[in-house]
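These notes concern the structure reproduced below.
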Amino acid sequence: MVILNRLDDIPTLKQKRPPDYRELLRLFNKSSNNINQIAKKINTEYRNGFISENAYLRYLNVLINIRDAFVAGIDKCLIRVSGGNSGVCEYLEKGYKQGREYTRDEIDNRLVLDGDLALTESVIDAIPDNGQERYLHITLSFFEDELPEAKLHDIVQEFKSLLMGAYHEDEFNFYAEAHLPKIKQMPDHKTGNMIERKPHVHIVIPEINMITGNKLNPVGMVEHYIKYFDSIQEHNQ
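Position 92, counted from 1, in the sequence shown is what UniProt numbering calls 92; the numbers after and before it change by one each time, with no gaps.
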């Protein structure tokens, strides 16, 4: 883990001046506090009005860049971020998909890695439905034919810490499950060509802050987070 010697080592946030990248980098060493604690401290300072939104986003970018420089545990994978209004929980459970004749239990072994699907579904359903996107759906697709359960768990926890590091645990709902193929090849319903099926992980995050009730958007502000996703993809290639 990337860590700070002490939380007190971070320059005062009330200066409203994010530190230089090198300034923060010098503070990181092998000690007891990880980067998520720092991000949470910055988040708290922002919510209390001690730093501006611009300073807050710049702080997060600095931390993200540093964290990406040390990221470990995510095997080669393709990351796809999408969203939806409804249906993702049924898809994970049942496997219903246009052009597919098999059920989930027929094609995959399901492995829950984090969270509770029924709880996540209830959180999504509680968001007023105005036809808008109500959840994020992130897929991690791997190149390996097999991955140990412990490795998949570590990958999800690493990705979760990267994506949600600026939030407190009680601010968001997070669910992840792996699909381990029983059927290794299936025809593409459009082309008819056979497609290899590899282990992959589905992550679902309802787009609501569980404390404030406001919209939760950990991958929003694309212009601020694009380096974060690019650096993960570069690391995985």
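The C-beta atom is built at its ideal place from N, Cα and C for all residues, glycine as well.
- Judged by beta-carbon spacing, L119 lies beyond the 8 Å limit of A176, meaning their Cβ atoms are not closer than that value.
- Proximity to S86 across T212, E146, Y167 and D125 peaks at D125, based on C-alpha coordinates.
- When the Cα atoms are used, N173 and I205 turn out to be separated by approximately 6 Å.
- By the 16-neighbour rule on beta-carbons within 10 angstroms, G165 is buried.
- By the Cβ test, the region 100-108 is not in contact with the region 147-161, since fewer than three Cβ pairs between them sit closer than 8 Å.
- In the three-state scheme derived from DSSP, where H, G and I count as helix and E and B as strand, N43 is classed as helix.
- The three-state reading of DSSP puts E171 in helix, counting H, G and I together.
- Per DSSP, the unbroken alpha helix (DSSP H) holding Q157 starts and ends at E149 to M164.
- P218 and V88 have their C-alpha atoms roughly 19 Å apart.
- One alpha carbon belongs to I195, the other to Q185, and they sit about 5 Å apart.
- Inter-residue distance for A55 and E169 is about 23 Å (C-alpha atoms, whole angstroms).
- For L119, the secondary structure class from DSSP, reduced to helix, strand or coil, is helix.
- At the C-beta level, K198 and D108 stay beyond 8 Å of one another.
- Between the alpha carbons of L216 and K190 lies a gap of roughly 35 Å.
- According to the DSSP secondary-structure assignment, S52 is paired through a beta bridge with no residue.
- DSSP lists no bridge partner for F143.
- R47 is positioned such that its CB atom lies no closer than 8 Å to that of I138.
- Distance from the Cα of N209 is smallest, within the candidate group L57, R134 and E53, for R134.
- In the displayed model, R104 falls within a helix according to three-state DSSP.
- Residue range V88 to K94 is occupied by the alpha helix (DSSP H) that includes E93.
- Cβ atoms of V156 and V123 stay farther apart than 8 Å, at about 18 Å.
- In this structure, the CA atom of E90 is about 43 Å from the CA atom of F50.
- The Cβ atoms of L136 and A178 lie no closer than 8 Å to each other.
- The beta carbon of Q132 is closer than 8 Å to those of N85 in its chain, skipping five residues each way along the sequence.
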